[in-house]
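Just so you know, this note's numbering puts 46 at position 20 of the sequence shown, and the rest follows in order with no gaps.
Where a beta carbon is used, it is the ideal one built from N, C-alpha and C, also for glycine.
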Amino acid sequence: FNSCALNVESRNYEEAEAICTQAIALLKQSHGPRLKVRELTSFALSNRGVARIKAQKDTAGISDLYEAVQISKNSLVTHNLTRAKKELSL
27 FNSCALNVES RNYEEAEAIC TQAIALLKQS HGPRLKVREL TSFALSNRGV
77 ARIKAQKDTA GISDLYEAVQ ISKNSLVTHN LTRAKKELSL
C-alpha cells in the first residue's frame, strides 16, 4: 500500500496506478476486519484516482475518488476529491 502512495509522490503515475489496482484486488479477497479493509480500499482508490488524474485520465480518476469517498469519509480521501474537483473545475 505504501508503494502506491510513494509512486504517486514520485510522479510515477503509471506504476502507481498498477500497484494501487493490485492492492484493490487483494483487498477484495481479504478476510481481515471489515472496517480496516474498507478504509484501506478507500485509500488505495484515492491514491489511484490521484495517479490517474495526474496521468490525464481524468474520468477514471474522478470516478475512483468518488468511490473512495463513498467507502470512507476519511479526511485525506475527502481532501483528494475536493482538490481534484477544483483542479478539474468541476
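7 Å CB neighbourhood of residue i in its chain, flanking five on each side removed
i: residue 47; result: 74
i: residue 67; result: 50, 53 and 97
i: residue 41; result: 33
Residue i (DSSP reduced to helix, strand or coil)
i: residue 148; result: Beyond the ends of the chain as shown, which are 27 and 116, falls residue 148; an answer cannot be given.
i: residue 58; result: coil
i: residue 31; result: helix
i: residue 114; result: coil
i: residue 81; result: coil
Span separating the alpha-carbon of residue i from that of residue j
i: residue 54; j: residue 70; result: 12 Å
i: residue 92; j: residue 82; result: 17 Å
i: residue 80; j: residue 28; result: 18 Å
i: residue 85; j: residue 58; result: 31 Å
i: residue 100; j: residue 31; result: 16 Å
i: residue 107; j: residue 45; result: 20 Å
i: residue 115; j: residue 109; result: 10 Å
Residue i, buried or exposed, once every other Cβ within 10 Å from all chains shown has been counted against 16
i: residue 87; result: buried
i: residue 43; result: buried
Cβ-based neighbour list, residue i, same chain, cut-off 6 Å, excluding 5 preceding and 5 following
i: residue 103; result: 68, 72, 94 and 95
| Is the region 52–63 close to the region 75–84, with three or more CB pairs under 8 Å? | Touching, no, given that fewer than three Cβ pairs across the two stretches are closer than 8 Å.
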